[in-house]
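Under the numbering used here, the first residue of the sequence shown carries the number 1, and numbering increases by one thereafter.
By construction, the Cβ of each residue, glycine as well, lies at the ideal position given by its N, Cα and C atoms.
Keep in mind that this is a model prediction, so the values were computed, not measured.
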Amino acid sequence: MWIQVRTMDGKETHRVDSLSKLTKVEDLRQKIFETFNVAPDRQRLFYRGKQMEDGHSLFDYSVGLNDIVQLLVRQSPALQPAAGKEKDSELSDTDSGCGPSESDKSSNNGEGSVEMEGHPGVAAPLDLVDPGFGFYKINELVDARDTSMGAWFEAIVVNVTQKGEAASKVTESDEETDMPEVIPDEDIVYHVKYEDYPENGVIQLSSKNVRARARSTLQWEELSPGDVVMLNYNPDDPKERGFWYDAEILQKRESRTYKELYAKIVLGDGGDVLNDCRITLVDEIYKIEEPGNAVPLTIASPMKRQSGPVCKHCKDNPSKTCRMCACYICGGKQDPEKQLMCDECDMAFHIYCLNPPLSRIPDDEDWYCPECRNDASEVVLAGEKLKESKKKAKMASANSSSQRDWGKGMACVGRTRECTIVPSNHYGPIPGVPVGTMWKFRVQVSESGVHRPHVAGIHGRSNDGAYSLVLAGGYEDDVDHGNSFTYTGSGGRDLSGNKRTAEQSCDQKLTNMNRALALNCSAPINDKEGSEAKDWRAGKPVRVVRNAKGGRHSKYAPKEGNRYDGIYKVCIRTGMRRKLIQRGFCLLFRCARLCCCDCLDRSFRAEVYSCPACRYDLGKNYSMQVNEPLQSLLGQFFPGYGNGR
Numbered sequence: 001m002w003i004q005v006r007t008m009d010g011k012e013t014h015r016v017d018s019l020s021k022l023t024k025v026e027d028l029r030q031k032i033f034e035t036f037n038v039a040p041d042r043q044r045l046f047y048r049g050k051q052m053e054d055g056h057s058l059f060d061y062s063v064g065l066n067d068i069v070q071l072l073v074r075q076s077p078a079l080q081p082a083a084g085k086e087k088d089s090e091l092s093d094t095d096s097g098c099g100p101s102e103s104d105k106s107s108n109n110g111e112g113s114v115e116m117e118g119h120p121g122v123a124a125p126l127d128l129v130d131p132g133f134g135f136y137k138i139n140e141l142v143d144a145r146d147t148s149m150g151a152w153f154e155a156i157v158v159n160v161t162q163k164g165e166a167a168s169k170v171t172e173s174d175e176e177t178d179m180p181e182v183i184p185d186e187d188i189v190y191h192v193k194y195e196d197y198p199e200n201g202v203i204q205l206s207s208k209n210v211r212a213r214a215r216s217t218l219q220w221e222e223l224s225p226g227d228v229v230m231l232n233y234n235p236d237d238p239k240e241r242g243f244w245y246d247a248e249i250l251q252k253r254e255s256r257t258y259k260e261l262y263a264k265i266v267l268g269d270g271g272d273v274l275n276d277c278r279i280t281l282v283d284e285i286y287k288i289e290e291p292g293n294a295v296p297l298t299i300a301s302p303m304k305r306q307s308g309p310v311c312k313h314c315k316d317n318p319s320k321t322c323r324m325c326a327c328y329i330c331g332g333k334q335d336p337e338k339q340l341m342c343d344e345c346d347m348a349f350h351i352y353c354l355n356p357p358l359s360r361i362p363d364d365e366d367w368y369c370p371e372c373r374n375d376a377s378e379v380v381l382a383g384e385k386l387k388e389s390k391k392k393a394k395m396a397s398a399n400s401s402s403q404r405d406w407g408k409g410m411a412c413v414g415r416t417r418e419c420t421i422v423p424s425n426h427y428g429p430i431p432g433v434p435v436g437t438m439w440k441f442r443v444q445v446s447e448s449g450v451h452r453p454h455v456a457g458i459h460g461r462s463n464d465g466a467y468s469l470v471l472a473g474g475y476e477d478d479v480d481h482g483n484s485f486t487y488t489g490s491g492g493r494d495l496s497g498n499k500r501t502a503e504q505s506c507d508q509k510l511t512n513m514n515r516a517l518a519l520n521c522s523a524p525i526n527d528k529e530g531s532e533a534k535d536w537r538a539g540k541p542v543r544v545v546r547n548a549k550g551g552r553h554s555k556y557a558p559k560e561g562n563r564y565d566g567i568y569k570v571c572i573r574t575g576m577r578r579k580l581i582q583r584g585f586c587l588l589f590r591c592a593r594l595c596c597c598d599c600l601d602r603s604f605r606a607e608v609y610s611c612p613a614c615r616y617d618l619g620k621n622y623s624m625q626v627n628e629p630l631q632s633l634l635g636q637f638f639p640g641y642g643n644g645r
């Protein structure tokens, strides 16, 4: 077994060989020291987000074949800075950008601390305060535009300030002259708070995004094309109530039963518009107040408008239970002061609906519902040992007293990837895998898709056919001639107990994989006498892989590993009576490869007497028989085929 070890910066990667699934982490550190020259005490190993600790094995972390383990090199103790310098180098909240900015500090000036009953987030009724500049006074009710979506919302002015450069210029001019200088509107900043969204805090807006609160409703007769008004529209669902936008009336229709109004919605001051929007709420259209001409409004004379519902499920109906905007368990909207908001899913929960129920609101800053909360006992922190796995505790290896190292084998390792180019029941070659490709282990052959089983010699289905087989010389009747071979079916051996192999002790049966391989032969199945294909080319192809174990009986087997030798077809299937009344099915395959006659003739003239595809020795006196029907078809499909080759 081997794994890949890669440094955290990705600059250096090496393969570590001669490992076992039972290799301890401390032994792995020693091998990494030999490869990377990093001392074991400076190594921090990570696999799938977990820090690997001494005392555990690779099997405990489920490290697979050719998986990547990341290496983080600790800083040398001689180069580590002093603790006092570390504290000095740490950034404060203000330096790191986490603390409140100067604009946030100034935005709180003039903000009332007492809230009015029935108006959450709005300061108690106070007298209007004239800042000395600007159209709107402090504590005045206005309409404020959200710059991100272009809609207008009801707000209250909590402070009025100037931009930094403008304030300095005004101060200098006041020192020179006794008359105050008029401040332009673009240099005035209004600090407002939305009435319906107090959680947003104080927002700083320019004068073009603030105007007097709309208060005059326009009747149907007062509307005419070309007028710019404020109306309610929902861009996502035009039939539902939405937010308030500026709009220009384009068309006005009226009949005895309905009224239609088409307008151009203005989305902010950037020039973005929505053309030909049909307005459904024609009875709620407001006149836009001119700056400086409207009478200031205070909380004592509120003008409330109805906007779209916050909850699309219950439409903000207080008598209807809703698990989206109220308690996620009971759906009740009562006792909002006894509801907890989950910091992960943003759902509300009554403290008495939880299991077990809570007696009071917890003092923790963060709170998570039972579905989002992670069990702290199951979380493995950096430097901690792994928790005991129930699945691995039930394995036979966990209860075995044997000291045998079973983790070095390759027959039972899992696939790291799977061939998805073709389905598992694919006949014929695998795209991208040329004939002659070699692999060291059977699991690699399985990953390539050539022969998917890890151990079995035949891959197929008894009702479909065989897709591939491995020729490993496991039976004494196997005979390999290169471009044809005799293959003995499976079965007929007593493998009771823990036996992997045994002598032939009973008759083989034409079932399971034997039947699957027999279906590839282009002839009817005969259980007693066998069958021979009259036209073997019409049979189903079988991918053949030769294994190095077959070298005991064949000179065509590879010296090491496995080799893909291309496509074969079943020609003859017969049953033979052996000595000691042993019986087995011996299946004869012939090479189904086709090669160009001119190419073969050119090879013979070069004194190379072997098949160009499988390199089988054909002999000097080999007689070349041309496939006349195929040659005729190729000449019809490709005129001039063979000329000049």
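Looking only at Ser-319, Val-228, Cys-311, the smallest Cα-Cα distance to Cys-325 is reached by Cys-311. When rounded, the separation of the alpha-carbon atoms in Glu-222 and Lys-208 is 26 Å.
The distance from the Cβ of Arg-305 to that of Glu-154 is about 7 Å, consistent with a contact at the 8 Å cut-off. Cβ contact annotation for Leu-128 (same chain, cutoff 8 Å, sequence separation greater than five): Lys-137, Ile-138, Asn-139, Glu-140, Pro-296, Thr-298, in chain order. The Cβ atoms of Gly-561 and Met-410 lie no closer than 8 Å to each other.
Counting of Cβ neighbours within 10 angstroms places Thr-217 among the exposed residues, the total staying below 16. By the CB criterion at 8 Å, Lys-385 and Gly-49 fall outside the cutoff. Here DSSP, grouped into helix, strand and coil, assigns Gly-551 to helix. Here the C-alpha atom of Arg-543 lies approximately 15 Å from the C-alpha atom of Arg-461.
About 5 Å separates the beta carbon of Arg-29 from that of Gln-43, a gap short enough to meet the 8 Å contact definition.
For the pair Ala-472 and Gly-566, the CB atoms are not nearer than the 8 Å cut-off. The C-beta separation of Phe-243 from Ser-148 comes to about 12 Å, leaving the pair out of contact by the 8 Å criterion. If you draw a straight line from the Cα of Met-1 to the Cα of Leu-634, it is about 49 Å long. In this structure, the beta-carbon distance from Ile-285 to Val-228 does not fall below 8 Å. Restricting attention to Cys-342, Asp-130, Glu-12, Asp-246, the CA atom closest to the CA of Asn-37 is found in Glu-12.
Counting other Cβ atoms within 10 Å of its Cβ, Ala-538 stays below 16 and is therefore classed as exposed.
When DSSP states are grouped into helix, strand and coil, Lys-320 belongs to the coil group. If you look at Gly-465, you'll find it in the beta strand (DSSP E) that goes 465-471. Classified as exposed, Pro-356 has fewer than 16 neighbouring CB atoms from the shown chains inside 10 Å of its CB. Thr-23 is not a Cβ neighbour of Leu-71, given a cutoff of 8 Å. The residues Ile-3, Lys-21, Tyr-47, Val-69, in chain order, have a CB closer than 8 Å to that of Val-63 in the same chain once the five nearest residues on each side in sequence are set aside. Asp-246: member of the beta strand (DSSP E) spanning 243-254, first to last residue.
With fewer than 16 other CB atoms across the displayed protein chains lying within 10 angstroms of its CB, Ala-398 is exposed. Apart from the 5 residues on each side of it in sequence, Leu-205 sits with its Cβ closer than 7 Å to the Cβ of Ala-144, Tyr-190, Val-192 in its chain, given in chain order.
Residue environment analysis places Val-202 among the buried positions, since at least 16 neighbouring C-beta atoms fall within 10 angstroms of its C-beta.
Annotated as distal: Val-73 and Glu-53, with beta-carbon spacing of 8 Å or more. By the 16-neighbour rule on beta-carbons within 10 angstroms, Asn-275 is exposed. Between the alpha carbons of Gln-162 and Pro-184 lies a distance of about 10 Å. Residue state for Ile-138 is assigned as strand, using DSSP reduced to three classes. Here the alpha carbon of Ile-421 sits roughly 54 Å from the alpha carbon of Ile-351. Considering only Leu-630, Gln-631, Ser-603, Val-210, the residue with the shortest C-alpha distance to Gly-619 is Ser-603. In the structure shown, the three-state DSSP call for Arg-6 is strand. Counting the other Cβ atoms within 10 Å of the Cβ of Arg-211 gives 16 or more, which makes it buried.
Contact check for His-451 and Val-433: beta-carbon distance about 11 Å, past the 8 Å limit, so the pair fails to qualify.
Under the three-state reduction of DSSP output, Asn-200 falls in the helix class. Taking all protein chains in view, the Cβ of Val-545 is crowded by 16 or more other Cβ atoms within 10 Å, so the residue is classified as buried.
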